[in-house]
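Trainee: Residue numbers (our numbering): 42 to 464. Please find one structure pasted underneath; my questions will follow.
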Amino acid sequence: MEEFKTDTLCVQAGYRPKNGESRIPQICQSTTFFYGDTQNMADLFDLKAEGFFYSRLANPTVEALEKKISALEGGVYGLGCASGMSAVLLTVMTLCEAGDNVVCASEIYGGTYNLFAVTLPKFGIECRFFDVDDSDKKIRSLIDDRTKFIFAETVANPAIAVLDFDKISAICKQFGLLFAVDNTLATPALCRPFEFGVNIVIHSTTKYMDGHAAALGGMIVDGGNFNFKGNKRYPSFNMPDESYHGLVYADLPVAFGTKCRAQMMRDTGAIMSPQNAFLTYLGSDTLALRMERHSRNAEKVAQYLSNHAKIEWIKYSALENDKYHNIAKKYLPNGTGGMMSFGIKGTAKDCARFMEALKLITQETHVADVRSCVLHPASTTHRQLSEKQLQEAGIPANLVRLSVGIENAEDIIADLAQALEKV
Ligand SMILES: *Cc1c(COP(=O)(O)O)cnc(C)c1O
């Protein structure tokens, strides 16, 4: 399948039926699986044979989606998770123990930031944040021999910064360090991080991958391109796992993916449900088509807003004067997706007036599905912060986040225009 382009893989990769089987994956709504002989079961438990035995570890419907997204990313192995957050958590747990640290971009999704800054330190895992615009010297200074990986987002939510992959991957290569990226808002239809030195790709499939706001989910894809063998930074990959009769993960063809499933999926049960895997599988058939439309619509909307008298500033990397325009041209040449943020000239009250006047575009705590939606972080997701804290978090009181859907661009612009008149 690898030889095909991403739009072909969207509809053809993943599940391939045999004679007489259903054309699309069935929802395999079963917790457990039958085996006639004991040896067969024992081999499954020892990871000597492949197959399903309990849906907390693996399930055929989930596997169909894992294979599709892994093919889309050009990786070797996928793990369907209950949510994007659980995908991030399982990645951390597979790599880190108490006393280890992660070097992480501060321009990341709020939920991930909270996990890294507040929750993980309670378990003895430290996070050291850098700004995506920091020099490589500054980023290098954060790394020590207990650093297990560098983490960033391709397109950061909601800062809309675009990642300079080469800068980070050069640092990782120098230190023999793993590079993990959250590719949720770019999707493999627009950017494939493994081509730029990334080793692990994470998704919240809740967003564009499903695309219809129907199913929560996450995905971890192992690029199969990181050599753990003999790397002193990763003793847990090089020492025998006593819970699997002395298995050494670094010796396996899929070291990270196998350790993640065998240890962390087993111990947490944070696997995607078959129903959600099915819905996400259906949604992802049109991923490439939708991302094209999201990008074209957003370009028109951004162009319109950037010329509007009531707009103070706008962040969208396809705009020529955007800070990340050149980086976006290099890594996202076919479009930068539907997410943007802008500032309305005025106060938080003016933002509220604008948003309440919208007729087509709805206010939601969601992004990246087929329907256009807006959110005013200062009065919703970040409302507990003071004016000063908002500034520090890079969220001015007049910031509006807009997720441009796949409606007709003229209708989206007309709705924005009539609402801006009310400000
Ligand atoms: C939404 C989101 C997540 C978290 O995903 P959930 O599926 O909501 O758990 C992680 N990263 C990014 C970039 C997101 O937008």
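Yeah, the Cβ is synthetic: ideal placement off N, Cα and C, and Gly gets one too. For clarity, every value in this text was computed on a predicted model and none was experimentally measured.
If the criterion is Cβ atoms closer than 7 Å, does the pair A254 and V222 meet it?
Mentor: As a first step, residue 254 is located in the sequence shown; it is residue number 213 there, counting from the start. As a first step, residue 222 is located in the sequence shown; it is residue number 181 there, counting from the start. No, the pair does not count as a contact, with Cβ atoms beyond the cut-off.
Trainee: So M260 packs on A128, CB below 8 Å; how close in whole Å?
Mentor: The residue labelled residue 260 in the question sits at position 219 within the sequence shown. The residue labelled residue 128 in the question sits at position 87 within the sequence shown. Contact between M260 and A128 holds: CB atoms are separated by about 6 Å, below the 8 Å threshold.
Trainee: Taking only three categories from DSSP, how would you classify N142?
Mentor: Here residue 142 refers to the residue found at position 101 when the sequence shown is read from its first residue. N142 falls in the strand class under three-state DSSP.
Trainee: Looking only at its own chain, which residues have a Cβ that is under 7 Å from the Cβ of A296, when we skip the five neighbours before and after it?
Mentor: The residue you call residue 296 lines up with position 255 of the sequence shown. Only F269, F278 and Y290 meet the Cβ criterion.
Trainee: Evaluate the contact criterion for the region 346-360 versus the region 153-168: three or more CB pairs, one atom per stretch, below 8 Å.
Mentor: The region 346-360 vs the region 153-168: no contact.
Trainee: Identify, in the order they occur along the chain, each residue of the same chain with its Cβ nearer than 8 Å to the Cβ of A393, setting aside the five sequence neighbours on each side.
Mentor: For the purposes of this step, residue 393 is identified with residue 352 of the sequence shown, where counting begins at 1. Closer than 8 Å at Cβ, skipping near neighbours: H417 and S420.
Trainee: By the 10 Å Cβ neighbour count, where 16 or more other Cβ atoms means buried, how is A409 classified, buried or exposed?
Mentor: Your numbering for residue 409 matches position 368 in the sequence shown. In summary, A409 is buried, with 16 or more beta-carbon neighbours lying within 10 Å of its beta-carbon over all protein chains present.
Trainee: Here's the rule I'm using: 16 or more other beta-carbon atoms within 10 Å means buried, otherwise exposed. How should G140 be labelled?
Mentor: On the sequence shown, position 99 is the one that residue 140 refers to. Exposed, since its Cβ has fewer than 16 Cβ neighbours within 10 Å.
Trainee: State the DSSP-derived secondary structure class of L443, mapped to helix, strand or coil.
Mentor: If you number the sequence shown from 1, residue 443 lands on position 402. Three-state result, L443: strand.
Trainee: Would a C-beta distance cut-off of 7 Å place V239 and E114 closer than the cut-off?
Mentor: Here residue 239 corresponds to residue number 198 of the sequence shown, with the count starting at 1. Here residue 114 corresponds to residue number 73 of the sequence shown, with the count starting at 1. Going by C-beta atoms, V239 is not nearer than 7 Å to E114.
Trainee: Under 6 Å: does the beta carbon of S124 sit that close to some heavy atom of ligand 1?
Mentor: Within the sequence shown, residue 124 is the residue found at index 83, counting from 1. True, at least one ligand heavy atom lies under 6 Å from that Cβ.
Trainee: Helix, strand or coil, according to DSSP, for K481 in the structure here?
Mentor: Residue 481 lies beyond the stretch modelled for the chain, which goes from 42 to 464, so this question has no answer here.
Trainee: Does the distance between the C-beta of S245 and the nearest non-hydrogen atom of ligand 1 fall short of 6 Å?
Mentor: Within the sequence shown, numbered from 1, the residue matching residue 245 stands at position 204. Within the cutoff, so yes.
Trainee: On the CB-based measure, 16 or more other CB atoms within 10 Å of its CB, does E340 come out buried or exposed?
Mentor: By one-based count along the sequence shown, residue 340 stands at place 299. By the neighbour-count rule (16 or more Cβ atoms within 10 Å), E340 is buried.
Trainee: Assign P229 to one of two classes, buried (16 or more other C-beta atoms within 10 Å of its C-beta) or exposed (fewer than that).
Mentor: What you label residue 229 is simply residue 188 of the sequence shown in a count that begins at 1. Buried: at least 16 other Cβ atoms inside 10 Å.
Trainee: Mind listing, in chain order, the continuous beta strand (DSSP E) runs of no fewer than 3 residues lying wholly within the region 375-448?
Mentor: 380-385, 414-416 and 440-444
Trainee: So I8 is in the beta strand (DSSP E); what residue range does that whole segment cover?
Mentor: The structure shown does not extend to residue 8, since the chain spans only 42 to 464, so no value can be given for it.
Trainee: State the beta-bridge partners of E167 as determined by DSSP.
Mentor: As a position in the sequence shown, residue 167 is number 126, starting the count at 1. E167 pairs with N142.
Trainee: Taking just the CA atoms, how far does F94 sit from L130?
Mentor: Locating residue 130 in the sequence shown gives position 89, where the first residue counts as 1. Locating residue 94 in the sequence shown gives position 53, where the first residue counts as 1. Between L130 and F94, the C-alpha separation is close to 24 Å.
Trainee: Rank D87, Y365, E462 and G165 by C-alpha distance to the C-alpha of K351 and give the top, closest one.
Mentor: What you label residue 351 is simply residue 310 of the sequence shown in a count that begins at 1. Per the Cα distances, E462.
Trainee: Nearest by alpha-carbon distance to R307: which of V342, L88, F220 and Y322 is it?
Mentor: Counting from one through the sequence shown, the residue named residue 307 turns up at place 266. When each option's Cα is compared against that of R307, the closest is L88.
Trainee: Please go through the region 210-273 and give each complete alpha helix (DSSP H) segment of 4 or more residues, from N-terminal end onward.
Mentor: Counting only runs that start and end inside the region 210-273, the alpha helix (DSSP H) elements of at least 4 residues fall at 228-231.
Trainee: Taking C-alpha atoms, which residue in G61, D48 and P66 lies nearest to G55?
Mentor: Here residue 55 is taken as the residue at index 14 of the sequence shown, counted from 1. The candidate whose alpha carbon is nearest that of G55 is P66.
Trainee: Compare the Cα-Cα distances from N449 to each of H286, T299, V411 and I385 and report the closest residue.
Mentor: Residue numbering aside, residue 449 sits at position 408 when the sequence shown is read from its first letter. It is V411.
Trainee: Tell me whether Y357 counts as near ligand 1, meaning its Cβ is closer than 6 Å to at least one heavy atom of that ligand.
Mentor: Here residue 357 refers to the residue found at position 316 of the sequence shown. No, since every heavy atom of ligand 1 falls outside the 6 Å radius drawn around the Cβ of Y357.
Trainee: Taking 7 Å as the cut-off, decide whether the C-beta atoms of L440 and S382 are in contact.
Mentor: As a working note, residue 440 is residue 399 in the sequence shown. As a working note, residue 382 is residue 341 in the sequence shown. In contact: L440 and S382 (Cβ atoms closer than 7 Å).
Trainee: For Y290, verify whether its CB is less than 6 Å away from any heavy atom of ligand 2.
Mentor: Among the ligands in the structure shown, ligand 2 does not appear; only ligand 1 can be found there.
Trainee: Going by C-alpha to C-alpha distance, which of K109, I166 and S210 sits closest to F45?
Mentor: As a position in the sequence shown, residue 45 is number 4, starting the count at 1. With distances taken between Cα atoms, F45 lies closest to K109.
Trainee: What is the DSSP secondary structure of C51, reduced to helix, strand or coil?
Mentor: Position 10 of the sequence shown, counted from the start, is the residue given in the question as residue 51. Looking at C51 - three-state DSSP - the assignment turns out to be helix.
Trainee: Using a threshold of 6 Å, is the CB atom of T406 nearer than that to any non-hydrogen atom of ligand 1?
Mentor: Taking the sequence shown and counting its residues from 1, one reaches residue 406 at position 365. Every heavy atom of ligand 1 is 6 Å or more from the Cβ of T406, so no.
Trainee: Tell me C122's beta-bridge partners as DSSP assigns them.
Mentor: Residue mapping note: residue 122 aligns to position 81 of the sequence shown, counting from 1. Note: C122 sits in a beta bridge opposite G259 and I312.
Trainee: Taking buried to mean at least 16 other C-beta atoms within 10 Å of its own C-beta, is E451 buried or exposed?
Mentor: If you number the sequence shown from 1, residue 451 lands on position 410. Counting Cβ neighbours within 10 Å, E451 comes out exposed, since fewer than 16 surround it.
Trainee: Answer yes or no: the CB of N198 versus the heavy atoms of ligand 1, is any distance below 6 Å?
Mentor: Counting from 1 along the sequence shown, the entry for residue 198 is found at position 157. Yes, Cβ of N198 sits closer than 6 Å to a heavy atom of ligand 1.
Trainee: Check whether the Cβ atoms of I447 and R334 lie closer than 7 Å to each other.
Mentor: The residue labelled residue 447 in the question sits at position 406 within the sequence shown. The residue labelled residue 334 in the question sits at position 293 within the sequence shown. In this structure, R334 lies closer than 7 Å to I447 by Cβ.
Trainee: So does G121 have its beta carbon nearer than 6 Å to some heavy atom of ligand 1?
Mentor: For this step, residue 121 is matched to residue 80 along the sequence shown. Checking every heavy atom of ligand 1 against the Cβ of G121, none is found closer than 6 Å.
Trainee: Beta-carbon within less than 8 Å of H366's beta-carbon, same chain only, minus the 5 sequence neighbours each way: which residues are those?
Mentor: Stepping through the sequence shown from its first residue, residue 366 is reached at position 325. Its chain contains S358, A359 and L360 as the residues whose beta carbon lies nearer than 8 Å to that of H366, once the 5 sequence neighbours on both sides are disregarded; these appear in chain order.
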